[in-house]
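**Q** So the protein sequences, as listed, match chains A and B.
Just so we're aligned, residue 21 is where the first sequence starts under this note's numbering, counting upward by one.
Just so we're aligned, residue 307 is where the second sequence starts under this note's numbering, counting upward by one.
For glycine and all other residues, C-beta sits at the position ideal for the given N, C-alpha and C.
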Amino acid sequence: MKNLITVEDLIIKSVEELDEEKVIRLASKALKAGMEPLFLLDLIKEGVKRVGKLYEDQKYFIADLIMAGLIFKEVLELEEMKVQFRRRNSKILGRVIVGTVKGDLHDIGKDIFKGLMEVNGFEAVDLGVDVSKEVFAQGVIKYKPDIVGLSGVLTSTIDSMKEIVDTLVDAGVRNDVKIILGGSHLTKEACDYIGADCYANDASAGVKLCKQMLGKI
Amino acid sequence: MTDVKALQQERISIYHDVYDDKIPKRVPVNISLPFEVIAQFGGLDLCEAQWNPAIIEEAVDKICQTVYSDVCVFMGSFRYPSFYQILKSQSFQMASNGFIQHPEVTGMLPEDYDYLIEKPYDCLLERVIPRQYKAFNPDDPINCAINFAKSILAFNNDFMQSGMIINKMEEKYGYYPGGLLSGGFTEAPFDFLSDQLRGFKGISMDIRRMPEKVAAACDALYPIVFKMGLPPIISNYTQVFIPLHMPPFMREKDFAKLYWPSFKRLLDEYASMGIHCTIFCEHDWTRYLDYLYELPTDTTLWFEYGDPKLIKEKLGKKHIITGLYPVMNLKTKTKEQCVEEVKRYIDILAPGGKYIFNFDKSPLLFSDIKLECLCAVAETVRDYAVYSNAGETAGMVFNKADYKVEPSRNLESKYYKTWEQYKALNPEVSDFGRPKLQNLEETIFHYLMFLLV
Ligand code: B12
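1. May I have the straight-line CA-CA distance separating residue 237 of chain A from residue 179 of chain A, to the nearest angstrom?
2. So is residue 589 of chain B in contact with chain A if we call contact Cβ pairs under 9 angstroms?
3. So with Cβ pairs under 9 angstroms, would you call residue 333 of chain B a contact of chain A?
4. Cβ of residue 465 of chain B within 8 angstroms of any heavy atom in the ligand B12?
5. If you draw a straight line from the C-alpha of residue 334 of chain B to the C-alpha of residue 478 of chain B, how long is it?
6. Hey, is the region 86–105 of chain A in contact with the region 633–645 of chain B, meaning 3+ C-beta pairs nearer than 8 angstroms?
7. Helix, strand or coil for residue 486 of chain B, going by three-state DSSP, please let me know.
8. Enumerate in chain order the residues of its own chain whose CB-to-CB distance from residue 112 of chain A is below 6 angstroms, with the five nearest sequence positions on each side excluded.
9. Does the region 590–604 of chain B come close enough to the region 544–558 of chain B to have 3 or more Cβ pairs within less than 8 angstroms?
10. Take the Cβ of residue 398 of chain B as the centre, count every other Cβ of all protein chains shown within 10 Å, and call the residue buried at 16 or more, exposed below.
11. Since residue 515 of chain B and residue 40 of chain A are thought to touch, with beta carbons under 8 angstroms apart, how far apart are those beta carbons, to the nearest angstrom?
12. Step through the CB atoms of chain B and report whether any lies within less than 9 angstroms of the CB of residue 73 of chain A.
13. So with Cβ pairs under 9 angstroms, would you call residue 84 of chain A a contact of chain B?
14. Taking 8 angstroms as the cut-off, is the beta-carbon of residue 664 of chain B closer than that to any non-hydrogen atom of the ligand B12?
15. Are the beta-carbon atoms of residue 447 of chain B and residue 521 of chain B separated by less than 9 angstroms?
16. Relative to the C-alpha of residue 205 of chain A, which candidate in B:667, B:714 and B:716 has its C-alpha closest?
17. Which of helix, strand or coil does DSSP assign to residue 14 of chain A?
18. Measuring alpha carbon to alpha carbon, tell me which of A:58, A:82, A:183 and A:161 ends up nearest residue 102 of chain A.
19. Within 9 angstroms (strictly less), CB to CB, does residue 33 of chain A reach chain B?
20. Put residue 549 of chain B into one of helix, strand or coil per three-state DSSP.
21. Should residue 234 of chain A and residue 201 of chain A be called a contact, given that it needs their Cβ atoms to be closer than 9 angstroms?
22. Quick one: is residue 62 of chain A near chain B, going by C-beta distance under 9 angstroms?
23. Give me, in chain order, the residues of the same chain whose beta-carbon lies closer than 7 angstroms to that of residue 500 of chain B; leave out the 5 immediate sequence neighbours on both sides.
24. May I ask which residues mark the beginning and end of the alpha helix (DSSP H) holding residue 476 of chain B?
25. DSSP three-state label for residue 237 of chain A, please.
26. Residue 599 of chain B lies in the alpha helix (DSSP H); which residues open and close that run?
27. Less than 8 angstroms between C-beta atoms, sequence neighbours within five positions excluded: which residues of the same chain meet that for residue 21 of chain A?
28. Short of 7 angstroms Cβ to Cβ, which residues in the region 157–176 of chain A face chain B?
29. For residue 252 of chain B, name the three-state secondary structure that DSSP assigns.
30. Helix, strand or coil for residue 21 of chain A, going by three-state DSSP, please let me know.
31. If we define contact as Cβ-Cβ less than 9 angstroms, is residue 207 of chain A a contact residue for chain B?
32. Mind pulling the alpha helix (DSSP H) runs of 4 or more residues that sit fully within the region 582–661 of chain B?
33. Indicate whether at least one CB of chain B lies closer than 9 angstroms to the CB of residue 223 of chain A.
34. If you count every other CB in all the chains shown that lies within 10 Å of the CB of residue 349 of chain B, and 16 or more means buried, which is it?
35. Residue 223 of chain A: beta carbon under 8 angstroms from a heavy atom of the ligand B12?
36. Just to check my reading of the structure: residue 758 of chain B and residue 531 of chain B have Cβ atoms closer than 8 angstroms, yes? What is that Cβ distance to the nearest angstrom?
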């Protein structure tokens, strides 16, 4: 028993330290020894959350978040995980659809936001990059999300984002969802102009806002 | 002297004063707008204008009459579709709306590190360029040669056309002839490796997985980026422009080990030759202000985000500061708010000199700005940012002799020959051919490396 606790802690810690090799080695070993894939997943998520915390404390930076996302993906791709693990999470906080808006191909920030949302218990649907207002509107109708996340870094995305919000208004679904914007260039004025509910210059702040909007904090 | 010539004299002297460590008569207004913004302003079809840059002239002329600036309001462009199309670029492609899109494409794989470290230029030409440019295909050598020749002809043609427009405007409106793209251009070794070689995600992994190779690759790339940035003429006024990408996204420890050494050396080596750099500190560099202080005196630091007060306090006596004023204001705020705000920036950044006005970044589309706000801000800087103590010494003074660097490793490759190497292989060639042949060697080098930035 004592031994097992050590392995769990070690896994969390090596994710936190972004020690990729060690994570994969420990994870494979643990799975072979009979660890439940879902349980392993929780450990990895805990590690990634700690990485997120280090990021908030400005000890880690974007390159580290990217690496954490990668380790997360690699674990999911381990044979045992792929075979046994079917994603059926009962305690989902809410569903979000995200996409980088029309005209913009930058997806690093969007991917980080999506990843952090997932480890924080949200189900995230990714619409990709250069996403048009039509695709967002269809996405809202199809997936019935609680939250729509618009990502972008180009100054020109202010207008793309506004068009998307306007389209959701025209489609009569604006009030069915909360809309959050994300990008380093966004300001309060820009958010008001676009007509979103809130905005974040940072992914972890965005996750908090999402929880707040759904009354989960 | 005509009014235009007199105005040009004034503009030259305010820029030169800044670079010569003197308080200028007023703060230079360094506003120049990208090709796309001006084409849209002129109501041109973006696709057509980029294929035929000459047709933008009328719109350029009109924007020059509308917006005040001390440099030509037309920046020119770096990216025309002709040469990217001919070479079948993967990372620069024109979208249906006429914008040149820049998707991220990995030009170098992790297993290429060893070869890059051993023979950097060979690796770039044999592996990276063919991945990024499908019509530069070594397996189809004759078409490869034809495509390459066509693309460089197109490149020369398009840059000449837009260069001519800039020259014409400089004459006509008396601008300071030292726009952003008028000197040298290069990247920090680490950014060169991150951008078109490994990509943002790739390099983030490499930092953790193989830091030693990353460091060695930066050293290997050093002679290439150094050579790439050398301006054609060296004077106290020509600048090498270096946009910086990765540091805000890195841990300081990684930055100090992997990014900084080769970058610092680059600026020191330029300084030892009397060359100054304008570095664009993209995103937020607050964590790195102490490092920036260590760069050669009179480096022009163009900031995107950050606290102007802190920046001025820490760096304003040694370096020339520019940027910071959010271009987003021009869209989301009223004219009056924009003007009030720019005065606040000037009050903080102008005292003591060593300041050039610019926005935090360039707008991307014409609709990113309200023209009346742009005009009002530009005119406010011109009229408000006037010094009463012009001619006094401004802060620290640059001295070339302060910078000593061991000469760097030379560029060695079977694809690049110095005159001596060429002559050894072709002893029959007359020395009369030297300037021409050497110049062509340099031109090809610059073009090939331009394809990777
Ligand atoms: C990496 C990069 C690229 C890469 C993108 C790779 C990729 N797969 O995304 C490449 C090289 C391909 C690229 C291309 C271009 N780029 Co670029 N690029 C950058 C760079 C260096 C970093 C952007 C980035 O990824 N930041 C890191 C991420 C994590 O930050 P972020 O996106 O803001 O995300 C954070 C938050 O905003 C938030 N977040 C993000 N999304 C969401 C969503 C929600 C809902 C929430 C809540 C939060 C949230 O969470 C993230 C983590 O905290 C910036 C400069 C800089 N230093 O910022 C320029 C920059 C954005 N690019 C710029 C430009 C101009 C371009 C090009 C047009 C260049 C060209 N002419 O060729 C093309 C555009 C292509 C296109 N149409 O999109 C300019 C934009 C200028 C402007 N006026 O808007 C910038 C600002 C550089 C500059 N200073 O001039 N680029």
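**A** On the basis of the coordinates in this document:
1. 32 angstroms
2. yes
3. no
4. no
5. 19 angstroms
6. no
7. helix
8. 143
9. yes
10. buried
11. 7 angstroms
12. no
13. yes
14. no
15. no
16. B:667
17. Residue 14 of chain A is absent from the model: chain A starts at 21 and stops at 237.
18. A:58
19. no
20. strand
21. no
22. no
23. 506, 509, 551 and 552
24. 447–479
25. coil
26. 595–599
27. With a pLDDT of only 48 at residue 21 of chain A, under the threshold of 50, the placement of this residue in the model should not be trusted; the figure read from the coordinates follows. Excluding residues within five positions, none has a Cβ falling inside 8 angstroms.
28. 174, 175 and 176
29. With chain B covering 307 to 759 only, the question about residue 252 of chain B has no answer from this structure.
30. Because residue 21 of chain A carries a pLDDT of 48, less than 50, the predicted location of this residue cannot be relied on, and the following value inherits that uncertainty. Residue 21 of chain A: coil per DSSP, three-state reduction.
31. yes
32. 595–599, 614–621, 635–638 and 641–655
33. no
34. exposed
35. yes
36. With a Cβ gap of about 10 angstroms, residue 758 of chain B and residue 531 of chain B do not count as contacting.
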